[in-house]
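Notes follow the structure.
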Amino acid sequence: MAEVIVLEKQPRWAPELQRQFSDQTVVVRACRDVASLRERVTAALSSEKNCVGVLDPAGWPGECLPVISWLRSLKIHVAVVGYPGIELLEPSLLELGVTNLVLPPIAGHEIGDACRRLLSQHPVQSHGKGSR
């Protein structure tokens with residue numbers, strides 16, 4: 106099983122991804138704050154689930170870059186949902202390790218396709234204690 110963990114202030118992309126993954130073994134979790142995201146990611150990794158982080162930086166301007174850095178330190182692929190003007194930050198986001206930047210205008214299937222690509226890029230990595 107895999108998990109897509111979405112950080113967004115208002116429900117937009119998580120419900121869309123839940124619709125897109127409804128017939129698959131991918132669980133979509135919505136997080137409304139950074140603490141919830143950290144908790145959800147830690148739980149997913151402790152159960153050795155392959156996961157992808159989806160961030161909507163419009164709601165998290167000051168916290169987005171540290172969150173991306175933390176996720177990438179855990180080897181988690183990150184997709185960032187863009188907004189008008191985000192292309193100015195693209196070099197910084199890519200340098201931090203964002204593996205997919207979806208620029209506007211954004212159709213729901215684009216986010217789903219990005220998550221599918223990212224989930225297929227590597228097998229589940231063991232993060233638990235005593236794993237090899």
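Count along the sequence shown from 1, then add 105; that gives the number in our numbering. Just so you know, even glycine gets a beta-carbon here, dropped at the ideal spot from N, CA and C. Model, not experiment: these values are computed from the prediction.
Looking at C-alpha atoms only, which residue of Val139, Leu150 and Glu144 is the closest neighbour of Lys180? Within the sequence shown, the letter at position 75 stands for residue 180. Measuring from the Cα of Lys180, the nearest candidate turns out to be Leu150.
Pairing CB atoms from the stretch 125–135 with CB atoms from the stretch 168–176, are three or more of them under 8 Å? no
Opening and closing residue of the beta strand (DSSP E) in which Val203 lies: Translated into positions along the sequence shown, residue 203 becomes position 98. Note, Val203: premise wrong, no beta strand (DSSP E); not H, not E.
I'd like the list of long-range same chain contacts for Thr130, defined as Cβ closer than 6 Å, with 5 residues on each side in sequence excluded. Along the sequence shown, one-based indexing puts residue 130 at 25. These residues qualify, in order along the chain: Met106.
Could you tell me whether the stretch 191–211 touches the stretch 130–145, where touching means 3 or more Cβ pairs closer than 8 Å? no
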